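Enquirer:
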Amino acid sequence: MDRHISEDEDFEDASDLLGEEDNSVANTDVPAPGDLTLQSISTHSAVLIWDPPEGIDTFGLSFFTNGEQAETRTTNSNSAEVEKLKPGTEYTFSVASVTEKDRWSSPVNVTTHTKPVPPERIQVNHVSADSVSLRWESPDFPVWEYHVTCWQGDELVQEMATKSQDAVLNSLLPGVKYSIAVTTVLENGSESKMATRYAHTKTKLEGLLVDLGLENHYKEKLSLSAVLQINENTVTDEAAISLSALPWCFLKRLMMVNVTARSVKCFSQLDVCLDSADFDIYNDLDSLVDCMGSSIVINPLDIVTALFLCSDGFLQQEMALKMSMCQFSVPLLLPSCDTNQPMFMVWALRDIVKKFRPHSLGDPRGFVEERIVLSYLPMISFVRLGECGFSKSQILNKLLSNPQQYHDTFLHHDMDCGDSPRKISDGLVEISWYLPCGNRNIDIFPEPVTVANLRGDIRSFETQYSFLCRTSSAVFVFFDSLDTDHKILTTQHHKAQLFLVGNAQNKNFKMNDLKLVASELHLKKANIILKVKQMNDADFVKNLRSMVTNWLKSDPSKMQLEQMTDIAHELGIHVDEDNRECQNAKKNAFEITSKIKDTLQFKDTQLPLQGNIWKELAKLEKEECRLRHADQNIEKYKSDLETQKLNLRKEQQSYDMSEAMTCFLGALSTSRQERSYFLKWMRMNLDNLSRESLTGLRDQYKEKCQDSVINKEEIKELDKQISNSYLGIEHFVREMGQLYESTLTLPKNSEGRKQMMHLPELCAKLLLDGFPLELVDGDASNIPLNWVRDVLLQLDCLVKPRNKIIVVTVLGVQSTGKSTLLNTMFGVQFAVSSGRCTRGAFMLLIKVGDDLRCRMDCDYLMIIDTEGLKSPELARLDDSYEHDNELATLVVGLSDITIINIAMENSTEMKDILQIVVHAFLRMKEVGKKPICQFVHQNVADVSAHDKNLRDRKLLLEQLNEMTQAAAKMEGKEENQKFTDVMEYDPERGNWYIPGLWHGNPPMAPVNAGYSEAVYDFKKTMIQVFGNCNTSGNSIKDFLEWTKSLWNAVKYENFIFSFRNSLVADAYMRLCTEYNKWEWDFKKHMYSWLTSAETKISNFEVTKTALDNDINDFLSQLKTKAVLELDQMEKVVLNSLTEYFKQTEGHVYLVERYREVFTRSVECLRRDLEKSVLSKLQMAVSISKGMNKLESIKKKHTDVMESKVLQLLDKCKTSSSKKTDAELLEIFEKMWEETVSEIAFHGLEPTDIVSNVYHHLRSNLKQRGGTVNKMINNVNLLELGTQPFTVTPDNFIRRIVHSVKSFFSDDYKMMAQDVADNLIQNCLSFVEEKCCGTSDYNETYIQEILHKIDNTLSSNRKLHSSEIFEVSLKLHICGIAARRFQDMHNRFIHDNDPHRCLQHFKEKYFADFKDLYNERDQCKRKAEQFAMLCLKPAVESWVAASLGPDIVDEMLEGKNALQFSTRTSFQYSILKELLLECNFDKYVKYIRSYEDFVKDWISDQIREHLGNGNKMSQLEDKYFKTISKEILKAIQTAQGKTPSETTVKNFIQNICRELEGKLAIPKDALDAVMALSNAKVEPFAQSLSGFIEDIEKSLKEKFLKLDVKTRLQTLKLKPQDELFKRVFGCGQQCPFCKAPCEAGGEAHTDHCASIHRPKGLGMYRWEQSEKLLIDICSSSVFSDNRFRCFETNYQWHPYKKYREIYSDWHIPADPSIQASDYWKYVMVKFNTQFAVIYRAKPADIPTAWQAITKKQAEDSLKESFRVT
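For my numbering, count along the sequence shown from 1 and bump the result up by 53.
(1) Judging by CA-CA distance, which residue of Val-1630, Arg-842, Tyr-1543 and Ile-581 is the nearest neighbour of Thr-1586?
(2) Quick check: what's the CA-CA separation for Ala-1806 versus Ser-834?
(3) Using CA coordinates, which residue listed in Ser-181, Met-809 and Asp-365 is at the minimum distance from Gly-790?
(4) Residues bridged to Met-896 by DSSP?
(5) Find the nearest neighbour of Ile-1584 within the set Glu-1609, Asp-1403 and Val-201, judged by alpha-carbon distance.
(6) For the alpha helix (DSSP H) that Asp-1444 lies in, which residues bound it at each end?
(7) Taking the straight line between their C-alpha atoms, what separation do you get for Ile-1801 and Cys-850?
(8) What do you reckon, are the CB atoms on His-1746 and Asp-1699 nearer than 8 Å?
(9) Give a yes or no on contact between the stretch 234-242 and the stretch 163-176, applying the rule of three or more CB pairs nearer than 8 Å.
(10) What are the start and end residues of each continuous alpha helix (DSSP H) run of 4 or more residues lying completely inside the stretch 1660-1684, in chain order?
(11) Are the stretch 643-655 and the stretch 414-430 touching, with three or more C-beta to C-beta distances below 8 Å?
(12) Output needed for Val-1730: all residues of its chain with C-beta closer than 7 Å, excluding positions within five of it in sequence on either side, in chain order.
(13) For the beta strand (DSSP E) that Gly-509 lies in, which residues bound it at each end?
(14) Does the stretch 267-277 touch the stretch 361-376, meaning 3 or more C-beta pairs lie closer than 8 Å?
(15) Quick one: Cα of Asn-1029 to Cα of Tyr-1743, how far?
(16) When you compare the CB positions of Met-1565 and Val-1492, do they come within less than 8 Å of one another, or not?
(17) Closest to Gly-108 by C-alpha separation, out of Gly-87, Asp-1499, Leu-551 and Leu-226, would be which residue?
(18) Anyone know if the C-beta pair for Tyr-199 and Thr-215 falls short of 8 Å?
(19) Over the uninterrupted beta strand (DSSP E) stretch that includes Lys-857, give me the two end residues.
(20) Is Pro-1632 helix, strand or coil by DSSP?
(21) Could you tell me which residues DSSP pairs with Gly-113 in its beta bridges?
(22) Alpha carbon to alpha carbon, what distance is there between Leu-225 and Glu-240?
(23) Compare the beta carbon distance of Ala-505 and Cys-522 with 8 Å and say whether it is the shorter of the two.
(24) Looking only at DSSP bridge pairs, what is Asn-1101 linked to?
(25) Would you kindly report the start and end of the unbroken beta strand (DSSP E) that includes Lys-584?
(26) Since Lys-230 sits in a beta bridge, which residues does DSSP pair it with?
(27) I need the straight-line Cα distance from Phe-1110 to Lys-1097, nearest angstrom please.
(28) Would you call the stretch 1376-1392 in contact with the stretch 1430-1441, where contact means no fewer than 3 C-beta pairs closer than 8 Å?
(29) Can you tell me which residues form a DSSP beta bridge with Asn-1087?
(30) Using 10 angstroms around the beta-carbon of Ser-329, count the other beta-carbons present and answer buried if the total reaches 16, otherwise exposed.
(31) Considering only the alpha carbon of each residue, which of Thr-602, Lys-154 and Gly-1680 lies closest to Asn-580?
(32) From Ala-527 to Phe-552, what does the alpha carbon distance come to, in whole angstroms?
(33) Tell me which residues share the same chain as Asn-596 and place their Cβ nearer than 6 Å to its Cβ, disregarding the 5 neighbours each side in the sequence.
(34) What does the Cβ neighbour count give for Arg-702, buried or exposed, with the cut at 16 atoms within 10 Å?
(35) Apart from the five residues just before and just after Glu-1477, which ones in its own chain have a Cβ nearer than 7 Å to its Cβ?
(36) Can you look up Gln-218 in the DSSP assignment and give me helix, strand or coil?
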């Protein structure tokens, strides 16, 4: 037993070892295998071998990893291969001998690691010029470390070990292919195979471009437009935190011409260290040293070189120009370190123009202005041979700088980042210029000189050195020592004189070497300068400067930079102008400009359309508007002007396109790049020509001015030539515009017109490319509107949907730096030199980046640069102030932000400018625009200017306020008392003080850093202002509309022109449309409430309970509720109005000035509704009281009859015999007759309505004099109004001048007759409406009629009617009304006679009697009676009361929505229909009886609309269904409230209470139904429910039998009346032509009309000839003509001052000659008929009018009402 246990234990031990349970036993007597060795090991397998014991053939093999047995097996060999192992894993292998009896020996063991595998997925993360970074994934086993080796071919370059899964190899060579191997190493030293990856380091250029983030721009070049784009980077002050930010930081500063542009570097750890507040000087010094050495910097020269390499030619040109302005050196030869092939940058330098005054110039006050590449200047070059102990560039800066005006032209070691090793800029040749100012005490050199500087050792850049030797007049070679490498000095072909500049302070300097070289080069002592130990930099520079000065005196050779291109080609140097596009463009440009010998002659022959013809057209356009030279017949004069314009256009069309313009347009039609090159070449060539021309003319001018008296005429001619000698691209584009405009008068399908249709798109592309486009022609002071319109429309198409713009304009005195300010702010290129200042106005587009688009709510900035105000050139002209006023008004009107540019603090001209500007702002306020204003005070250098000028700013504001008051008085808008009333201006934030542009004395002065920084701060604030604008950006089309309307206003000298601007008109139209909706909702709500209230009043006696008070208390409650409802609805409408004006879309800000008008209109509406509602409630109660009195009488009679019937019933039931129906009838008839004879019938007493009307008439006239009393005494109203009312002069005209009475009496008699006829018709319509009902006469009716008459006569005060006329008219109307109201009352008395009413229910009483006698169930019959006698008439009345608002809604939707949306749309619809019908009688009615015409027209529209299909029935069906549901619901509710044991009477009363607000139940019918009833509630309710459908069916059948007109007459709310009120408005008509007012809101103070008519249509005629006038109001009010009428006391009055007579009318200028073609067509067509009816002679019609077609008339109508 013990042994067995022992064996188990041994087995367990063996099991633990062998990892397997079996019956084998490890026995010590079984020999174990000999030495176990590992023959080989790999990543996934191992081969074992051992010595077998004698006699043993079988072995057991097992292996373990991580203490766990992996596998056990047996083998008959003394070796084994184990496979499927894991790489890099430790394994223990065990082998034991196994006998035939399965006895196992003790095992022998060996432990080892499998080979590791190399890392997986090795990736090259980043490759630069000198480093490669790798990353890989770790294998699935423990790794000790990784070995990384780098090979260049077979040469090991670097090796390293790392425990991480990435590695960076530094200090590699650029542009080399490397193989990089990575192996895995285990802790035991076992190493995997190598995993290899290849990496090609970038070249120095590629590496730097990657670091700078410019790699994508090496092929796809940066463009100027991309750099100028407005984005977050352009307005952020955050320091660069990455290398990729450095180029953009440099460009941003450079485009702002900031002299600190080259000082760009990353925000480094050093900044963090130095900024740390808790810096410990003792403990943190080590980290400070680390920070000092860890700054990430790039040499600025590398940034400049990289940017030039990555920019297109236009950005290069702009960069070079801005660098030159900063007095930075600019690249001449641009290196490419990858190809060692430099680029000659002649194109980049072409835009640089310099002014200087050499001492050799004869005129001490003269100057030279030249394009620098064309200047013949000597060039000196400075190069370095080997190393040099002092900074060549620093020495150059000192050489070129005046001691008082030092500037770092060339970057050097001691500047920001200048000590950083150059990576790509070695081999760069920079140039700069020294240009004298003419002051011998300041100038360093007397003559101009070009200075070139080669970066790097000339031994490495032989090509550049050779170029400099052949192009320079002198080459200065800096050196420390001259050893054997000096051969380059002797092998070059030297055109230049060589100077050696040695550093004798250097230890390597050897005098012998210098002597040897000097001997070889045959140099003189004057060609050598040494810096010896005793010499400081100042002395050394002084000697060097002396050497250069002496050299300049030797008259060195001179060469243009342009000429150096030949040398560059010979040396194999690329030239930046050699690309195909540039050369083609150059050829095209020179083809044009080479033929310009005389500018004036060239303009006349090659650009003929813009000369005198265009200027004459401009004059005609303004005269057409201003009519300053018009005679009395204005329209004929205008027609003549139009003919002259057409003739001038024909003259333009007679010219063939000139050779120059053909070439110009051909060049513009090329690719975008070639087009841009062409425009650049053109601009430069034209500037050069203009400069040459002006130089000669100025010289002549100076000469002639020596004796100005004798040469007066010659001076005048020279002055004119100087003004006209300038020729620019704008002249060619202007000619394009005139070519286009001249063809617009041709037929649309003509070939000539088709050929020009592409021109607007061409010009739009130019604008999109950043080219400034002329908006206002500076020579003709005019805008070619058709051309500008189509260009902007094409632009809109090109950029859609991103077409929102914000407009920025600048105004100021001439030559105060406006264009320079814009150029600095936005980096743009408005012309600032070459000839003259800006003329006219130019617009330019700048794109807004995506990151700012949402914040600024625009896609582009539209920058408008204008010519200076107070121009000396224009000052001699009489209209110069007018010209300035026009320009200011235009650009201020177009702008969202206006910059007022003022030179110097408190300048003398400031007041004049501000006066002009204030006028412009005031005018803009009147049309809803309130631009933001910023004042820029230039040339203010003091840092404390803002604080010091606090008093000046207050003074400025006071002056602005004074000017505002003065301007407001002139403009007739004296409510504007402060400057801030007319524009947004903050004195503290709206003033900017900017120092002078130059830092020092030009031409060697750089741009003042303070100027750039101040402008930059201003720009940032402007961008913030853009983002904070309450208004959203306008679309391009909106901008176009503003341009058109503003220019028309300027031409008309009419600056209050809101309704002529389509944007304002559209915004006003939308506001009117919304207001009309709110107004109708208000009215509809109150109508619905009133209808319900009137129904409740009608049902009061039926539904009241014991707790209810009398009807007067109920009326008080309703009035209180009515006021609350009105308050609530008024608040809703006012809130809607407020919310509407909070919108940013839809140009709501343009109609802000109408907010108060519409607010007052809401209040006015509320007052009118309150008055109407309360009056109608009072009337309803009054009627209800009268009806209740009548019903009370009827009730007494029915109660008696009911009692008699019940008595008869009891008598019959007690009779022994059963009565037949015939017997019952006989008995009933007898009882009925007896009872009727017993009842004393006392109905309502008849009233004398005629007396009542007469009484109210006397009350109305009681304040009048004796004449009136005499007239109304003893009159019989019944006899009045039987004949037509006729106006006679004797009883109509009150005050009239005797001498003109005969002339005017007929006209005014006719006008008075029209007024009287319309008034009579209106009053009779009111009478008929009241008489159609079933109610009794109410004295409020006659009160309302008299009120109507008074209002009408009051609104027609211009008739000056006499009291006799008023009384006669009232007597006539009251006579008719009295008879009709008396008939109405008599009918009411008859219909409500108690005896008659009782007789009406006789059959019902007999039927009830029979049912009760026969004990029949009355439920069904009573239900039918209640349904048909009570509910049916109530339902019919309810539908009639409810249908009116729905019909109005129906007319306001669908196809009728537009014509009834606003008064303007309504007018358009009427006039269009009149034109289509062309019916003279209708035109007469429209003009003379406008109100009647409108009412009839609306009624016709309603009938036509409802008559189509079954629309009326559909509306009625809707209400039938609604009320049926309400009745059924009421029955169900009443059942729940009525106990079953109660009578039907209670049940019916409960139904009536449920329906009290909807249905007015007739009380007499209700009493009759409830009498003699034995019906039970439940069956009655069931029967009643069944009859509801019968009611609906019966009423539908009844309505279908009626036509639409009859059905409309039954409605309580007449839809035609509501629509009339909606669109008729105030009803006022133009005092001259009778055009109806279209202004929205009831409370408007100014009447206006979209389209006026020839005044002959308003009965105006010439006094002498009696011919109808054809003048149109909108022309007359801007002419010098006069009128006279009653209002002027028959004295002549100027039309221009018409508002003195008709102050409430606003008649704007006719915006175009075609705007009134509609009425001209009507006048021509019906001239004779109008003359007959107006008792005048036909008008003299201009020939042009007779050519107007019906189609043109319709187009004119659309234009006037802005219908598309």
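All residues carry an ideal CB built from backbone N, CA and C; glycine is no exception.
Please read all numbers here as calculations on a predicted model, not as lab measurements.
Expert: According to the data block:
(1) As a first step, residue 1586 must be located in the sequence shown, where it is residue number 1533. The shortest C-alpha separation from Thr-1586 is found at Val-1630.
(2) What you label residue 1806 is simply residue 1753 of the sequence shown in a count that begins at 1. What you label residue 834 is simply residue 781 of the sequence shown in a count that begins at 1. When rounded, the distance between both Cα atoms is 32 Å.
(3) The count along the sequence shown starts at 1 and reaches residue 790 at position 737. Per the C-alpha coordinates, the member of Ser-181, Met-809 and Asp-365 positioned closest to Gly-790 is Met-809.
(4) Looking up residue 896 in the sequence shown gives position 843. The secondary-structure analysis by DSSP pairs Met-896 across a beta bridge with Leu-826 and Ile-917.
(5) Residue mapping note: residue 1584 aligns to position 1531 of the sequence shown, counting from 1. Check the Cα spacing between Ile-1584 and each of Glu-1609, Asp-1403 and Val-201: the tightest is with Glu-1609.
(6) In the sequence shown, counting from the first residue as 1, residue 1444 sits at position 1391. Here the alpha helix (DSSP H) through Asp-1444 covers 1416-1444.
(7) Taking the first residue of the sequence shown as 1, we reach residue 1801 at position 1748. Taking the first residue of the sequence shown as 1, we reach residue 850 at position 797. Rounded to the nearest angstrom, the two C-alpha atoms are 33 Å apart.
(8) One-based indexing of the sequence shown puts residue 1746 at position 1693. One-based indexing of the sequence shown puts residue 1699 at position 1646. Cβ distance not < 8 Å, so His-1746 and Asp-1699 don't count as in contact.
(9) Yes, since at least three Cβ pairs between the stretch 234-242 and the stretch 163-176 fall closer than 8 Å, the two stretches touch.
(10) Every unbroken stretch of the alpha helix (DSSP H) spanning 4 or more residues and falling wholly within the stretch 1660-1684 is given here in chain order: 1668-1677.
(11) Taking 8 Å as the limit for Cβ pairs, the verdict is that the stretch 414-430 does not touch the stretch 643-655.
(12) For the purposes of this step, residue 1730 is identified with residue 1677 of the sequence shown, where counting begins at 1. Once the five neighbours on either side are set aside, the close Cβ partners of Val-1730 are Tyr-1748, Lys-1749, Tyr-1751 and Ile-1760.
(13) For this step, residue 509 is matched to residue 456 along the sequence shown. 502-510 is the extent of the beta strand (DSSP E) around Gly-509.
(14) By the Cβ criterion, the stretch 361-376 is in contact with the stretch 267-277, since at least three pairs of Cβ atoms, one from each stretch, lie closer than 8 Å.
(15) Stepping through the sequence shown from its first residue, residue 1029 is reached at position 976. Stepping through the sequence shown from its first residue, residue 1743 is reached at position 1690. Taking the CA atoms as reference points, Asn-1029 sits about 35 Å from Tyr-1743.
(16) Mapped onto the sequence shown, residue 1565 falls at position 1512. Mapped onto the sequence shown, residue 1492 falls at position 1439. No, Cβ-Cβ distance for Met-1565 and Val-1492 is not below 8 Å.
(17) To locate residue 108, count along the sequence shown from 1; it is residue 55. Out of Gly-87, Asp-1499, Leu-551 and Leu-226, Gly-87 has the C-alpha closest to the C-alpha of Gly-108.
(18) Within the sequence shown, the letter at position 146 stands for residue 199. Within the sequence shown, the letter at position 162 stands for residue 215. Judged by their CB atoms, Tyr-199 and Thr-215 are nearer to each other than the 8 Å cut-off.
(19) Translated into positions along the sequence shown, residue 857 becomes position 804. It spans 857-865 - the beta strand (DSSP E) in which Lys-857 sits, taken as one unbroken run.
(20) On the sequence shown, residue 1632 is found 1579 positions in, with the first residue counted as 1. In the structure shown, Pro-1632 sits in a helix (DSSP, three-state: H, G or I).
(21) If you number the sequence shown from 1, residue 113 lands on position 60. Gly-113 pairs with Thr-127 and Ala-149.
(22) The residue given as residue 240 occupies position 187 in the sequence shown. The residue given as residue 225 occupies position 172 in the sequence shown. The alpha-carbon of Glu-240 is positioned some 30 Å away from that of Leu-225.
(23) On the sequence shown, residue 505 is found 452 positions in, with the first residue counted as 1. On the sequence shown, residue 522 is found 469 positions in, with the first residue counted as 1. No, they are not a contact pair.
(24) Here residue 1101 refers to the residue found at position 1048 when the sequence shown is read from its first residue. As DSSP reads the structure, Asn-1101 sits in no beta bridge.
(25) Counting from 1 along the sequence shown, the entry for residue 584 is found at position 531. Its beta strand (DSSP E) spans residues 581-584.
(26) For this step, residue 230 is matched to residue 177 along the sequence shown. DSSP lists His-253 as partners of Lys-230.
(27) Here residue 1110 refers to the residue found at position 1057 when the sequence shown is read from its first residue. Here residue 1097 refers to the residue found at position 1044 when the sequence shown is read from its first residue. Residue placement at Phe-1110 is poorly supported in this model, since its pLDDT is 36, which falls under 50; the coordinates still yield a value, given next. If you draw a straight line from the Cα of Phe-1110 to the Cα of Lys-1097, it comes to about 12 Å.
(28) Between the stretch 1376-1392 and the stretch 1430-1441, the count of Cβ pairs shorter than 8 Å is three or higher; the stretches touch.
(29) As a working mapping, residue 1087 is identified with position 1034 in the sequence shown. The beta-bridge partner set that DSSP reports for Asn-1087 consists of Ile-858.
(30) Along the sequence shown, one-based indexing puts residue 329 at 276. Confidence at Ser-329 is low in this model, with a pLDDT of 48, below 50, so its placement is unreliable and no value can be given for it.
(31) In the sequence shown, counting from the first residue as 1, residue 580 sits at position 527. Closest by alpha carbon: Thr-602.
(32) The sequence position of residue 527 within the sequence shown is 474, counting from 1. The sequence position of residue 552 within the sequence shown is 499, counting from 1. Rounded to the nearest angstrom, the gap between the Cα atoms of Ala-527 and Phe-552 is 7 Å.
(33) Translated into the one-based positions of the sequence shown, residue 596 becomes position 543. Sequence-distant Cβ neighbours of Asn-596 in its own chain, meaning closer than 6 Å and more than five residues away, are Ile-582.
(34) Residue 702 sits at position 649 when you count from the first residue of the sequence shown. Taking every protein chain shown into account, the CB of Arg-702 has 16 or more other CB atoms within 10 angstroms, so this residue is buried.
(35) Working through the sequence shown from its first residue, we reach residue 1477 at position 1424. Taking Glu-1477 as the centre and dropping the five residues before and after it, the same chain places the C-beta of Phe-1640 closer than 7 Å to its C-beta, in chain order.
(36) Along the sequence shown, read from residue 1 onward, the residue named residue 218 stands at position 165. DSSP places Gln-218 in coil when its eight states are reduced to three.
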